Amino acid sequence: MTKRLIFLLISAGLLFFSGGEIWARMESTNYVIWADAFSSGGSEDSSSANYGIQDTIGESVILSATATAATYGIKAGFREMYPDQYLSFSIADPAIELGELTDSTTGRDSHTMVIDTNAVGGFVITVFGSTLTSGTNSIDALLAATASSPGLKQFGINLVANTSPLIGADPSGTAPIGSAATGYNTANQFKFASGNTVASATNDISQTTFTVSYIANISTDTAGGTYTTTLTYSATSNF
Numbered sequence: 045m046t047k048r049l050i051f052l053l054i055s056a057g058l059l060f061f062s063g064g065e066i067w068a069r070m071e072s073t074n075y076v077i078w079a080d081a082f083s084s085g086g087s088e089d090s091s092s093a094n095y096g097i098q099d100t101i102g103e104s105v106i107l108s109a110t111a112t113a114a115t116y117g118i119k120a121g122f123r124e125m126y127p128d129q130y131l132s133f134s135i136a137d138p139a140i141e142l143g144e145l146t147d148s149t150t151g152r153d154s155h156t157m158v159i160d161t162n163a164v165g166g167f168v169i170t171v172f173g174s175t176l177t178s179g180t181n182s183i184d185a186l187l188a189a190t191a192s193s194p195g196l197k198q199f200g201i202n203l204v205a206n207t208s209p210l211i212g213a214d215p216s217g218t219a220p221i222g223s224a225a226t227g228y229n230t231a232n233q234f235k236f237a238s239g240n241t242v243a244s245a246t247n248d249i250s251q252t253t254f255t256v257s258y259i260a261n262i263s264t265d266t267a268g269g270t271y272t273t274t275l276t277y278s279a280t281s282n283f
């Protein structure tokens, strides 16, 4: 018996910034000053009986690497210059349709999402939502990475190229780029759990394109109906 299954996905890209400070640059039609000194301390004549020092606490306090030991931490440098900090995130084709299924076919579809950031701590993309439902009936979400098996109730996603079924693509862009997260980064293995990280990086990246692939399978006793869900993807950068 043919079961009709339509999956509509409304993907909302949310931008969050965490950590650090965001500085405004000074500019006009003729020039740009990426950074000047936002000094938070220092002195031209610090001294004691044993030393004399001319010191400035500049922008390095915020953005430079930290050298540490058991008893100290120091950010070295003087008036470091950084470009404007940014995060861009977009999702293409927010309506996904898995089509009409039987217990011997797999419904599948995909869309892309693109992220770019110069955040020194990278980014995280997280998915939120629930599995496919029709009234009180539902398709089981794959809580662990699992192969697609027509004849079993299954719903899952991944972010890599697959051959079974033939769908998807690996993350792409000019290095360095982001990566698909564990559980969503193995070909022909699909998973879905709300709140999971699906892609990330631990450093600033070039523009990265992810292809999110969706699969659904039904069993012989799956109730007929139109099954839908709404998923939300959030992108968070760590400046």
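Just so you know, our numbering puts the end of the sequence shown at 283, numbered straight through with nothing missing. Note that the Cβ used here is the ideal one computed from N, Cα and C, for glycine as well. Quantities reported herein were computed from a predicted structural model and do not represent experimental measurements.
If we call anything under 8 Å between Cβ atoms a contact, is residue i one with residue j?
i	j	result
N240	V171	yes
D248	A163	yes
T252	G217	yes
T273	T177	yes
P215	S250	no
N206	G200	no
L325	G179	No information on residue 325 is available, as it lies outside the stretch 45 to 283 that the chain covers here.
Along the chain, where does the beta strand (DSSP E) that runs through residue i open and close?
i	result
V256	T252 to N261
Q198	Q198 to N202
G166	Taken as a continuous stretch (DSSP letters only), G166 belongs to no beta strand (DSSP E), as it is neither H nor E.
T161	G151 to T161
A139	From DSSP, A139 is part of no beta strand (DSSP E); its letter is neither H nor E.
A245	T241 to A245
DSSP state of residue i, grouped into three classes?
i	result
L186	coil
W67	Confidence is the limiting factor: at W67 the pLDDT is only 46, short of 50, which leaves the residue's position unreliable, though a coordinate-based value still follows. Correct three-state label for W67: coil.
T146	coil
Y130	coil
S193	coil
L275	strand
S216	strand
G96	strand
G268	coil
L176	coil
N282	strand
A224	strand
T73	coil
A230	Sequence inspection shows Thr at residue 230; the Ala mentioned does not correspond to that position. Correct three-state label for T230: coil.
S238	coil
I249	coil
S91	strand
Would you please verify whether the beta carbon of residue i is less than 8 Å from any beta carbon of chain B?
i	result
H155	No chain B appears in this structure, which consists of one protein chain only.
Please go through the same chain and pick out, in chain order, the residues whose beta-carbon is closer than 8 Å to the beta-carbon of residue i, but skip the five residues on each side of it.
i	result
N181	T266, A267, G269 and Y271
S244	G166, F167, V168, I169, G222, S223 and A225
S148	P194 and G195
Going along the chain, which residues of its own chain have a beta-carbon closer than 7 Å to the beta-carbon of residue i, five neighbours each way excluded?
i	result
Q284	No information on residue 284 is available, as it lies outside the stretch 45 to 283 that the chain covers here.
Q233	A189, T190, A191 and N202
K197	I183, D184, N261, I262, S263 and T266
Which residues in the same chain have their Cβ closer than 6 Å to the Cβ of residue i, if we skip the five residues on either side of it in sequence?
i	result
T150	S192, P194, P209, I259 and N261
T156	A136, T253 and T255
L187	A237
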